[in-house]
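Going by the UniProt record's numbering, the residue at position 79 of the sequence shown is 79; the numbering climbs one at a time, nothing skipped.
Ideal placement from N, C-alpha and C gives every residue a C-beta, glycine not left out.
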Amino acid sequence: MGRYSLTARRYAVHAAGALLVAGLGGCSTMEPLDQPYSWRPLGANHANVVAEVERPGDLVSGRPLGPSDGHEAADAVQRLRDNKLRDLASTQTSDATSGGSSGGGGGGGGD
């Protein structure tokens with residue numbers, strides 16, 4: 001019986017040690033975002049929006065929308081729902097974006 005009680009005590013000591021180590025893990029103060037060397041935005045997003053806005057009054061209250069044709073928008077939504085979409089208008093791309101290359105010549109010399 002002495003052998004079993006000794007074994008039980010050994011496991012109890014190991015369990016207590018494991019709980020102690022696990023409990024101390026939560027006491028760490030090494031949270032990277034809480035360190036003094038860590039960057040903090042401190043209102044950087046708000047400062048950027050204020051710098052980018054055209055009129056500061058728009059941050060308090062937005063501008064009213066201009067006139068729009070609700071019937072045209074409703075017709076477009078109905079065509080989408082009925083799966084009767086219109087093709088987009090044909091457009092041309094410039095030659096500069098075609099990616100082609102020319103055999104280009106060199107410049108001429110002068111006297």
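Asked: According to DSSP, simplified to helix, strand and coil, what is residue 83?; Found: coil
Asked: What is the DSSP secondary structure of residue 111, counted as helix, strand or coil?; Found: Confidence in residue 111 is poor, its pLDDT being 47 and thus under 50, which makes the residue's placement unreliable; the coordinate value appears in the next sentence. Coil.
Asked: Within the same chain, show all residues whose beta-carbon is closer than 8 Å to that of residue 79, passing over the 5 residues directly before and after it, in chain order.; Found: 85 and 86
Asked: Hey, quick one: how far does the alpha helix (DSSP H) through residue 50 stretch, first residue to last?; Found: 44–52
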